[in-house]
Structures are given as structure tokens and as C-alpha cells.
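To keep things clear, I will list the structure first and then write my remarks on it.
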Amino acid sequence: MNALVEFASVGFTYPQPERTREGGFTLTDVSFGIADGEVFGVIGPNSAGKTTLLRLLTRVVPAERGEIRLEGRPIARLAHAELARRVAVVPQDAPRPFPFSVEQLVLMGRYPHGPGRFFESDDDRALARAAMAATGVLELAALPLEQLSGGERQRAMLARALAQEPKLLVLDEPTSHLDLRYQAETAALIRRVNAERGMTVLLVSHDLNLAAEVCDRLLLLSRGRVARVGPPAAVLERDTLEAVFGCAVSVEVNPVSGRPVVQVAWPQEVKRSSLAR
Amino acid sequence: MSAGRRLALALALLGGALALVAAISLFVGSAALSPGAVVRALAGRAGAESVESIVTLQIRLPRVAAAALAGGALAVAGVAFQGLTRNPLAEPAVLGVSSGAAFGVVVAQIFGFGLSVLEALGVATFAFAGALLAAAAVYLVAVVPGGLSIQTLLLAGVIVGIFFTSAITVLISIVDFNRLGGVVHWLLGNLAPIPAASLALFAALSLLGFWLVLRHARELNLLALGEEAAVQLGVDAERLKRRIFVAAALLTGTVVAFTGPIGFVGLVVPHLLRGVLGQDNRLLVPTALLGGGIFLLAADTLARNLVSPAELSVGVITSFCGAPVFVYLLRTRYRVSL
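Protein chains in written order, with the working numbering: chain A, 149 to 425; chain B, 108 to 445.
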């Protein structure tokens with residue numbers, strides 16, 4: 149399999165004032181590849197560098213050291229629109245000062261395919277409708293985003309990313325705002341997109357069990373460095389996780405899928421003292 | 108209905124309304140001309156030196172054109188600043204950019220720039236520089252890592268506005284007052300007749316700014332999702348922001364140079380249009396050009412006739428309309444977007 153994305157000794161440091169913000173610090177010597185057609189997960193504790201890695205890959209910030217290549221070409225030499233035709237991001241919920249409708253949002257995914265166009269073409273509109281149908285938001289097309297639930301909004305953003313027709317679909321913490329049912333639906337959607345459309349998927353998540361379940365390979369980040377890369381069973385291993393996350397965990401095997409399941413080894417119950425009433 | 112059709116329909120309706128308001132504005136005024144006399148003057152069948160010709164062609168017509176241009180340019184500047192800052196309350200006066208431009212104009216007047224076309228271009232250049240300076244100052248005061256917060260941006264605009272207004276007062280105090288005769292009246296917005304050649308310059312600069320914003324209307328929609336999202340969708344956000352910044356400053360500077368700092372047009376008109384057309388900047392930018400013209404023309408017609416034969420400053424009318432809209436937005440939209 150060919151590598152779709154390659155990180156070669158990538159390093160990045162946020163400028164001083166941003167260092168206090170969440171996710172802001174240093175990435176050091178990060179190297180890995182994502183194969184064409186795989187589902188790849190990036191996991192790690194808060195502020196391990198997951199968000200920074202995603203920003204580097206989408207050129208929101210430039211890499212300071214090393215090189216990031218897409219289909220063998222350095223992304224620093226791609227125009228923004230060229231990159232956006234190949235890589236689409238489903239973001240976490242973002243602030244929205246202006247209430248655009250679902251359809252308007254999804255049509256924005258067509259921008260990189262015709263940046264010089266003033267209005268979208270008929271083809272663009274057809275593709276947007278197909279994307280909305282695929283994620284089940286077609287009947288919400290005319291509604292402003294504000295009126296949607298968290299799960300519906302997420303599916304609208306996913307529809308936008310599908311309308312972008314990328315080679316690589318990046319999901320940034322897709323389950324952070326969703327209840328159990330939507331978590332299950334998200335896992336199903338990732339599999340469907342990967343199998344039916346042949347899209348390579350990059351899942352960035354702190355949800356270890358979702359990542360273990362849907363990903364072919366995982367990258368575990370720790371303090372801006374690569375701690376492990378490999379299949380879930382090799383990465384989600386007790387000693388490694390305890391060192392990276394700094395707490396006791398237990399790792400079992402899901403009897404249905406055979407994938408690892410990680411749980412916090414909760415502290416033993418402490419007997420209540422008679423004073424603490 | 109597709110966006111293109113909606114735009115065509117909206118433009119047709121607004122174009123008709125603009126023609127109607129312009130016609131009304133031509134027919135009413137403190138000089139009691141009969142409608143027939145106005146028509147005669149417009150048709151060129153009245154003598155060149157006749158009262159109806161002078162009033163209609165040399166006073167009312169240039170004023171109608173100036174009002175329509177200034178209103179349109181200010182409304183487009185409002186849409187541009189709102190898109191740039193992702194803040195529905197942003198507009199040239201609220202952000203203090205008008206005050207910066209006005210400071211530039213006062214400096215130009217101290218240098219003795221007059222009314223000829225070349226001198227008008229000089230005044231407009233000073234106003235543009237002042238607008239850029241004020242907008243840059245607001246941005247530097249308000250920006251924090253991760254973007255612009257609505258509250259900080261508005262406060263920065265107020266502060267910068269006060270600073271430049273004070274600077275203007277200082278200039279007026281230390282420079283021979285007679286040389287700056289009309290300044291005080293002008294500071295409230297003044298649509299006094301402009302010579303035809305200067306009017307053409309006014310139109311050219313306004314349309315240049317309008318075209319710059321219109322070209323990037325689709326990208327402004329993506330910027331509304333946040334800078335990071337815009338970049339990930341293929342927009343060169345840094346370049347876009349620079350261009351919109353320059354275009355909005357150009358529009359503001361131009362209007363202030365020719366008509367003075369008229370407030371709130373850039374707030375009221377885009378807000379009304381958003382209510383009808385939604386948030387798509389490709390619809391808002393062109394309709395704001397016409398809608399702003401209608402609004403300022405109507406405001407100026409009121410200003411000329413409410414207390415006739417005296418005259419109110421047009422800025423008074425727009426502020427009376429704009430302040431309540433600002434408060435309404437502050438109490439509603441501003442809250443949800445927090």
C-alpha cells in the first residue's frame with residue numbers, strides 16, 4: 149500500500165503567548181505514515197499534540213522542522229484549495245456568529261473545487277444533496293444550524309466534508325458532544341465511508357475504545373512525541389498506557405470484535421469515616 | 108429558489124425602490140418647485156440659468172447621487188467589517204474607522220486641499236490612510252490569540268473612535284478656525300452638492316471598494332465559520348483578510364472624504380437585509396449597495412424637509428435609526444453568539 153500522508157521528523161513550537169492555551173506547545177520529531185485506504189487513529193492525553201498535528205496537516209499552521217507530504221508532494225507547496233480538495237476536516241463544534249442553513253454549510257464544501265466561481269454549479273448542488281442524504285440531514289437542509297441538535301450539527305459537518313470529495317477524511321473528536329447512540333452511529337459512518345467510498349480516514353480522538361474499534365492502526369502521542377504506532381492491540385497495551393496517561397488502567401478484549409477495551413482501574417472504594425457525614 | 112434567482116429578484120426590487128426614492132427626493136425640498144418645473148429642468152427644457160434648472164440639476168441631483176453612493180458604500184463596508192470580524196455589530200462608525208478617516212480629512216484640509224478633482228483625490232487618500240490607521244489600531248488593541256472577541260472589539264472601536272475625535276478637536280483648536288469653517292457641520296455628515304467631476308471620482312472609488320468585496324463574497328461566507336475552518340476549506344485566509352480590510356477602509360475613507368462620517372448605515376441596512384435574505388454574503392454585498400443607497404437617500408430627504416427651510420444633518424437621522432437597532436442586536440443576537 150502507498151503512503152497517502154507522510155510526516156517526516158516534523159517539529160513545531162507555538163509562539164510564547166499561545167503556550168498557555170490548550171493544545172499549545174511543542175511537537176518533536178514526529179514521523180509516521182498513513183496508508184491509502186486505511187482508518188488511522190491519533191490518540192493521547194489532553195494536550196499531547198493531537199490538535200496541533202491536525203493543524204499542521206491542514207496547513208492552518210506551517211511545520212517549522214521536517215516535512216509533511218501528501219501523495220508524495222510536500223503540502224507546503226500545495227495551494228490551499230488543492231489541499232482542501234484532498235483533505236477534508238469534520239471539526240468539533242465551532243462558534244457560529246451567523247446562522248447559515250444546513251444546505252449553505254454543505255455547499256461550502258464545494259468551494260475548493262471551484263474557488264473562482266461566484267455561485268455553485270448545478271453539479272455542486274447535486275453533490276451537496278447527495279452528501280446530505282448520505283448522513284441523513286437532507287430533510288433539515290433549510291434549517292439554520294442553530295436549531296439543530298449537537299448530533300444533527302455533526303452530521304451536517306460530516307456532509308460538508310463528504311461534499312468536499314476528499315481522499316483523506318479527518319474527524320476531530322467526533323464523539324465529544326454526542327450521547328451513546330450517536331457514538332455508535334459515528335463508528336458505523338466511519339466504516340461506511342471507508343468501505344463504500346474508499347476514503348482514507350484519520351480519526352483524532354481521546355476516546356480510546358472508539359479508536360480501538362474502528363481503526364486499522366493507531367498513533368499514540370505523549371507530550372508532543374510519538375509513543376507508539378501500530379495495530380490497536382500493539383499500541384493499547386497496559387504498561388504503555390499507564391506511563392502515558394499517568395494512571396492505572398486495565399485492558400481487556402472485546403469478545404465480539406476481538407479489539408482491546410481500555411478502562412480506568414478505578415481506585416478502591418474507601419470506607420467512609422464516621423466523621424464525614 | 109436558487110441563490111442566483113433570489114439575488115436577481117432582490118436587486119430588481121431594490122433597484123425599483125431606489126429609483127422611486129430618488130424621484131421623490133428630486134421633487135421635494137425647501138425651494139418650492141412644482142413637479143412640472145422639476146420635470147422641465149430634468150428634460151432640459153428650462154433655461155440653464157432658471158431657478159428650476161439650478162435647484163434641480165446643480166443642487167438636488169448631485170445630492171441624490173452623493174447620498175445614494177455614500178449609503179451604498181457604507182452598507183457594503185458594514186457587511187465587509189461584519190464578515191471580517193465575524194461580528195454582526197461591526198460597522199465603520201462603531202469600529203472607530205470613520206473617526207480615523209475624518210481625522211485624515213481634517214489633516215488634508217489643514218494642508219489646504221480644496222474641491223478640485225485632484226485635491227479631492229488627495230483628501231480621499233488622507234481619509235483612506237486615516238481609516239487604515241484606525242482599523243489597524245482597533246485590530247491590534249482587540250486581537251488575542253485565537254481571534255477577536257465581540258466585546259473587546261467593540262470596546263477597542265469605542266476607544267479608537269474617542270481618540271481620533273479628540274485628535275480632531277485638538278486640530279480644530281490649534282489651527283485657524285476660519286480655514287476649517289465647515290468642519291463641525293461636516294463632522295455630522297454633510298451631503299452638500301459635490302462638483303460633477305468629484306462625484307465621478309467618488310463613484311469610481313466606491314465601486315472599486317465594492318468590487319473588491321464582491322469578488323470575495325463567497326470566501327467571506329467561509330470565513331464566517333472561523334479562520335481555521337476557512338483554511339481547511341481551501342481559503343487563503345490571510346490574503347482574504349488583508350483584501351477585505353483594505354476594501355472596507357477604502358469604502359469608509361471615500362465616503363468620509365466626500366460626505367463626512369455618517370454613522371450606523373453599515374449596521375442598519377445589512378441587518379435588515381440579513382433578516383430577509385439570510386447570511387449569504389453573495390446576496391448581501393450587492394443588495395447592500397442598493398439598500399444602503401435607499402436608506403441614506405430617504406434619511407437625507409427627511410433631513411432636508413423635516414425642519415425646512417432649516418436642515419438637519421443626515422447623520423442625526425441615521426443615528427436615531429441606528430442606535431435602537433444596535434441596542435436590539437446587542438440584546439438578542441449578541442447573546443446567542445456568546
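Note that the Cβ used here is the ideal one computed from N, Cα and C, for glycine as well.
Chain B residues whose Cβ lies nearer than 7 Å to that of His228/A: By one-based count along the first sequence, residue 228/A stands at place 80. The answer, in chain order, is Val338, Gly341, Val342, Asp343.
Round the Cβ separation of Leu404/B and Val128/B to the nearest angstrom and send it over; I've been treating them as touching at under 8 Å. Here residue 404/B refers to the residue found at position 297 of the second sequence. Here residue 128/B refers to the residue found at position 21 of the second sequence. Rounded, the Cβ-Cβ distance is 5 Å, consistent with contact.
Give a yes or no on whether 8 Å exceeds the smallest Cβ distance from Met239/A to chain B. One-based indexing of the first sequence puts residue 239/A at position 91. Per the sequence presented here, residue 239/A reads as Pro, with Met not at that position. Yes, Pro239/A lies at the interface with chain B (some Cβ there is under 8 Å from its Cβ).
List the residues of chain B whose Cβ lies closer than 7 Å to the Cβ of Pro263/A, in chain order. For the purposes of this step, residue 263/A is taken as residue 115 along the first sequence, with counting starting at 1. Result: Gly341.
So the beta strand (DSSP E) Asp177/A belongs to, where does it begin and stop? Locating residue 177/A in the first sequence gives position 29, where the first residue counts as 1. Per DSSP, Asp177/A belongs to the beta strand (DSSP E) from 174-183.
Report yes or no: is there a C-beta of chain B within less than 8 Å of the C-beta of Met347/A? Here residue 347/A refers to the residue found at position 199 of the first sequence. Answer no: the Cβ-Cβ gap between Met347/A and chain B never drops below 8 Å.
Nearest-angstrom Cα separation, counted from Leu332/B out to Leu293/A: On the first sequence, position 145 is the one that residue 293/A refers to. On the second sequence, position 225 is the one that residue 332/B refers to. Taking the straight line joining both Cα atoms gives about 11 Å.
Could you check which residue in Leu419/B, Val363/B, Leu358/B, Tyr246/B has the C-alpha nearest to that of Trp318/B? Residue mapping note: residue 318/B aligns to position 211 of the second sequence, counting from 1. Selected option, being the one with the closest Cα: Leu358/B.
Complete beta strand (DSSP E) runs within the segment 319-365 of chain A (minimum length 3 residues, chain order): 348-352
Should Glu198/B be flagged as near chain C, meaning a C-beta pair shorter than 8 Å? Absent from the structure: chain C. Protein chains present are A and B.
Taking a contact to mean a Cβ-Cβ separation below 8 Å, would you say His228/A touches Arg258/A in this structure? Here residue 228/A refers to the residue found at position 80 of the first sequence. Here residue 258/A refers to the residue found at position 110 of the first sequence. Cβ atoms of His228/A and Arg258/A: not closer than 8 Å.
I need the straight-line Cα distance from Leu351/A to Leu379/B, nearest angstrom please. Taking the first residue of the first sequence as position 1, residue 351/A is located at position 203. Taking the first residue of the second sequence as position 1, residue 379/B is located at position 272. Distance between the alpha carbons of Leu351/A and Leu379/B: 42 Å.
By the three-class DSSP mapping on this structure, what secondary structure does Arg167/A have? Here residue 167/A refers to the residue found at position 19 when the first sequence is read from its first residue. Any reading at Arg167/A needs caution, since the residue's pLDDT is 49, under 50, leaving its predicted position unreliable; the model's value is listed next. Arg167/A: helix per DSSP, three-state reduction.
Contact criterion: CB-CB distance below 8 Å. Does Leu329/B meet it with respect to chain A? Within the second sequence, the letter at position 222 stands for residue 329/B. Yes, Leu329/B lies at the interface with chain A (some Cβ there is under 8 Å from its Cβ).
Spatial neighbours of Ala238/B within its chain, please: CB distance less than 6 Å, with the 5 preceding and 5 following residues excluded, ordered by chain position. On the second sequence, position 131 is the one that residue 238/B refers to. Closer than 6 Å at Cβ, skipping near neighbours: Val204, Gly207, Ala208, Ala356, Thr359, Gly360.
Can you tell me which of the three DSSP states Gln258/B falls into? Here residue 258/B is taken as the residue at index 151 of the second sequence, counted from 1. It is helical.
Backbone CA spacing between Leu423/A and Thr176/A [nearest angstrom]: The residue given as residue 423/A occupies position 275 in the first sequence. The residue given as residue 176/A occupies position 28 in the first sequence. Their backbone Cα atoms lie some 50 Å apart in a straight line.
The segment 160-167 of chain B in contact with the segment 185-199 of chain B per 3-pair CB rule at 8 Å: no
Below 7 Å CB to CB, which residues in the same chain sit around Gly284/A once its five sequence neighbours on both sides are set aside? Counted from its first residue, the first sequence places residue 284/A at position 136. Within the same chain, Gly284/A has close Cβ partners Arg303.
Using alpha carbons as the reference points, say which of Asn150/A, Ala211/A, Val374/A, Glu400/A lies closest to Glu186/A. What you label residue 186/A is simply residue 38 of the first sequence in a count that begins at 1. Closest by alpha carbon: Asn150/A.
Element boundaries [alpha helix (DSSP H), containing Glu345/B]: Here residue 345/B corresponds to residue number 238 of the second sequence, with the count starting at 1. Segment 344-366, the alpha helix (DSSP H) holding Glu345/B.
Helix, strand or coil for Glu417/A per DSSP? Numbered from its first residue, the first sequence carries residue 417/A at position 269. Here Glu417/A sits in coil by DSSP.
If I follow the unbroken alpha helix (DSSP H) through Thr161/A, where does it start and stop? Position 13 of the first sequence, counted from the first residue, corresponds to residue 161/A. Unbroken run through Thr161/A is the beta strand (DSSP E), 151-161; no alpha helix (DSSP H).
State the DSSP-derived secondary structure class of Ile301/B, mapped to helix, strand or coil. Indexing the second sequence from 1 puts residue 301/B at position 194. In this structure, Ile301/B counts as coil in the three-state DSSP scheme.
Between the Cα of Ala324/B and those of Gly264/B, Ala274/B, Asp387/B, Ala299/B, spot the shortest distance and give me the residue it belongs to. For the purposes of this step, residue 324/B is taken as residue 217 along the second sequence, with counting starting at 1. Measuring from the Cα of Ala324/B, the nearest candidate turns out to be Asp387/B.
Among the residues of its own chain, which have a CB less than 7 Å from the CB of Asp355/A, if the five just before and after it don't count? Residue mapping note: residue 355/A aligns to position 207 of the first sequence, counting from 1. If we look at Asp355/A and ignore the five residues flanking it on each side, its Cβ neighbours are Thr323.
Going by alpha carbons, who is nearest to Phe266/A out of Ala139/B, Leu321/B, Ala148/B, Ala242/B? As a position in the first sequence, residue 266/A is number 118, starting the count at 1. It is Leu321/B.
For Leu253/A, name the three-state secondary structure that DSSP assigns. Here residue 253/A corresponds to residue number 105 of the first sequence, with the count starting at 1. Leu253/A: helix per DSSP, three-state reduction.
Nearest to Glu300/A by alpha carbon, out of Cys395/A, Glu333/A, Gly264/A? In the first sequence, residue 300/A corresponds to position 152, counting from 1. The option with the nearest alpha carbon to Glu300/A is Glu333/A.
Using DSSP with H/G/I as helix, E/B as strand and the rest coil, what is Val374/A? If you number the first sequence from 1, residue 374/A lands on position 226. Three-state result, Val374/A: strand.
Can the beta-carbon of Ala153/A be found closer than 8 Å to that of Leu218/A? By one-based count along the first sequence, residue 153/A stands at place 5. By one-based count along the first sequence, residue 218/A stands at place 70. Note that residue 153/A corresponds to Val in the displayed sequence, not to Ala. Yes, these two residues count as a Cβ contact at 8 Å.
In the DSSP assignment, find the unbroken alpha helix (DSSP H) run with Phe235/B in it and report its ends. Counting from 1 along the second sequence, the entry for residue 235/B is found at position 128. Phe235/B -> alpha helix (DSSP H) spans 224-249.
Rounded C-alpha distance that separates Thr272/B from Phe210/B: If you number the second sequence from 1, residue 272/B lands on position 165. If you number the second sequence from 1, residue 210/B lands on position 103. Near 7 Å, if we compare the C-alpha coordinates of Phe210/B and Thr272/B.
Going along the chain, which residues of the segment 199-212 of chain A sit with their C-beta nearer than 8 Å to a C-beta in chain B? Arg203, Thr206, Arg207, Val208
Please list, in chain order, all residues of the same chain as Pro408/A whose beta carbon is under 7 Å from its beta carbon, the five residues on each side excluded. Indexing the first sequence from 1 puts residue 408/A at position 260. Only Ala360, Pro380, Ala381, Leu384, Val399, Val401 meet the Cβ criterion.
Just tell me which of Thr232/B, Asp343/B, Ala227/B, Asn194/B has its CA closest to the CA of Gln258/B. Taking the second sequence and counting its residues from 1, the one referred to as residue 258/B is at position 151. Ranking Thr232/B, Asp343/B, Ala227/B, Asn194/B by Cα distance to Gln258/B puts Asn194/B first.
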